[in-house]
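Heads up: the structure comes next, in structure tokens.
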Amino acid sequence: MYDDTAFAVVIFKAMADETRFEIIKMLSQGEMCACKILEKFNFTQPTLSYHMRILTAAGLVNGAREGAWIWYSLNRETFEKAERLMGALHQAAATAKQVPCCEEYSKAAAETHCCAPDEPLQTV
1 MYDDTAFAVV
11 IFKAMADETR
21 FEIIKMLSQG
31 EMCACKILEK
41 FNFTQPTLSY
51 HMRILTAAGL
61 VNGAREGAWI
71 WYSLNRETFE
81 KAERLMGALH
91 QAAATAKQVP
101 CCEEYSKAAA
111 ETHCCAPDEP
121 LQTV
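The UniProt record's numbering applies: residue 1 is where the sequence shown begins, and numbers increase by one.
Next up, the structure:
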């Protein structure tokens with residue numbers, strides 16, 4: 001569907017809104033009718049529809065119409081993919097070698113990068 005970066009941007013951008021994040025927390029408790037979600041917030045049904053459209057487009061939420069009602073639930077596949085992505089990033093960060101800036105650069109490369117000294121490097 002998306003490469004990892006595009007996927008992360010889409011889902012985190014959708015969740016970066018406080019209202020949408022609260023909706024996701026509510027849906028983490030289980031499927032919920034739009035009218036029940038609306039009860040928690042002080043806004044109109046069109047505003048809820050706006051937020052749900054963003055969450056649905058990001059793949060975070062599924063909506064199922066049942067007569068006049070729409071029932072929403074979290075899309076587990078998307079959250080599982082996000083969990084794998086975050087796990088991989090956590091693992092990479094946990095095992096990353098911590099080295100001072102430019103330690104791995106050659107002297108010539110260091111002179112042209114951010115950590116170039118004010119004075120040219122002296123060869124010994």
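Using N, Cα and C, we set each Cβ at its ideal position, and we do this for glycine too.
These numbers were taken from a predicted model, which means no experiment stands behind them.
Look at residue i and residue j and say whether their C-beta atoms are less than 8 Å apart.
i	j	result
residue 38	residue 48	yes
residue 82	residue 14	no
residue 69	residue 34	yes
residue 50	residue 63	no
residue 19	residue 41	yes
Using alpha carbons as the reference points, say which of the options lies closest to residue i.
i	options	result
residue 24	35, 61, 53 and 7	61
residue 76	18, 42, 11 and 95	11
residue 17	36, 52, 79 and 89	52
residue 31	93, 80, 74 and 44	74
residue 3	78, 29 and 98	78
Hey, residue i and residue j are a contact pair by Cβ (cut 8 Å); roughly how many whole angstroms apart?
i	j	result
residue 8	residue 55	About 16 Å; that fails the 8 Å criterion.
Mapping the DSSP letters down to three states, classify residue i as helix, strand or coil.
i	result
residue 73	strand
residue 80	helix
residue 14	helix
residue 96	coil
residue 60	coil
residue 7	helix
residue 41	coil
residue 2	In this prediction, residue 2 scores a pLDDT of 48, lower than 50, which makes its location untrustworthy; no coordinate-derived value is stated.
DSSP beta-bridge partners for residue i?
i	result
residue 65	70
residue 32	72
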